[in-house]
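Worksheet: the structure to be examined is printed underneath.
Residue numbers (UniProt numbering): 1 to 185.
This is the structure we're talking about:
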């Protein structure tokens, strides 16, 4: 949660992005309920939202679990492992990480980590890391006046060619085209 801003977390709950489940929890001040980022319940007003890193923090602040998304339901050991790995990737997205680095942090073999990650998420740790970096770049392009080069390195991409390739592959446009589309709206 440390490397996600309030607005980035807000974007994740508006998109019901399940890839961030377990990394933070959304609490609504008016209803006193906390949810997962992927909860499909009606979205609250932005001013009524608080974010917590753990369920315990949300409960200690006086919130109860949502009955729809059940954020208090226990996770399997594999799901907990993948959630920890996702948190590590979100917190260290700027670093040049290898599968070996990620597996070492998780305390498992690279082969086991990649197999479990792909089984539970449908993607590899590398593609998830690229997605986190792309999300960060999109946020920076839409909300700052940083140059494309500054955004590239601030979002954790190790080279401009990879930055442009990932952008073109996932969004079918260049970062400059994306920015001009966003400014035109």
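C-beta atoms are modelled at their ideal positions from N, C-alpha and C, and glycine is treated no differently.
Residue 32 versus residue 62 - alpha carbon distance = For the purposes of this step, residue 32 is taken as the residue at position 32 of the chain shown. For the purposes of this step, residue 62 is taken as the residue at position 62 of the chain shown. Going from the Cα of residue 32 to the Cα of residue 62 covers about 7 Å.
Are three or more beta carbon pairs between the stretch 101-119 and the stretch 149-162 nearer than 8 Å?
-> no
Closest to residue 140 by CA distance: which of 161, 168 and 175 is it?
-> Counting from 1 along the chain shown, the entry for residue 140 is found at position 140. Of the candidates 161, 168 and 175, the one whose C-alpha sits nearest the C-alpha of residue 140 is 175.
Local Cβ density within 10 Å of residue 12, reported as buried at 16 or more and exposed below that | Mapped onto the chain shown, residue 12 falls at position 12. Under this definition residue 12 is a buried residue.
Out of curiosity, what's the CA-to-CA distance linking residue 10 and residue 46?
-> Stepping through the chain shown from its first residue, residue 10 is reached at position 10. Stepping through the chain shown from its first residue, residue 46 is reached at position 46. For residue 10 and residue 46, the distance between alpha carbons rounds to 8 Å.
Hey, could you find the ends of the beta strand (DSSP E) residue 50 is sitting in?
-> Reading the chain shown from its first residue, position 50 is the one you call residue 50. Unbroken beta strand (DSSP E) run through residue 50: 49-52.
Rounded distance between the beta-carbons of residue 44 and residue 24, thought under 8 Å | Residue 24 sits at position 24 when you count from the first residue of the chain shown. Residue 44 sits at position 44 when you count from the first residue of the chain shown. Actually they are not in contact, since the Cβ atoms of residue 24 and residue 44 sit about 15 Å apart, beyond 8 Å.
Which stretch, first to last residue, makes up the alpha helix (DSSP H) that contains residue 147?
-> Reading the chain shown from its first residue, position 147 is the one you call residue 147. First-last for residue 147: undefined, no H or E at that position.
Which of helix, strand or coil does DSSP assign to residue 72?
-> Counting from one through the chain shown, the residue named residue 72 turns up at place 72. Looking at residue 72 - three-state DSSP - the assignment turns out to be coil, as it is neither helix nor strand.
When we look at the beta-carbon of residue 156 and count the other beta-carbons within 10 Å, is it buried (16 or more) or exposed?
-> Working through the chain shown from its first residue, we reach residue 156 at position 156. It is buried - the Cβ of residue 156 has at least 16 other Cβ atoms within 10 Å.
If you draw a straight line from the alpha carbon of residue 69 to that of residue 180, how long is it in whole angstroms?
-> Position 69 of the chain shown holds residue 69. Position 180 of the chain shown holds residue 180. One C-alpha to the other measures close to 37 Å.
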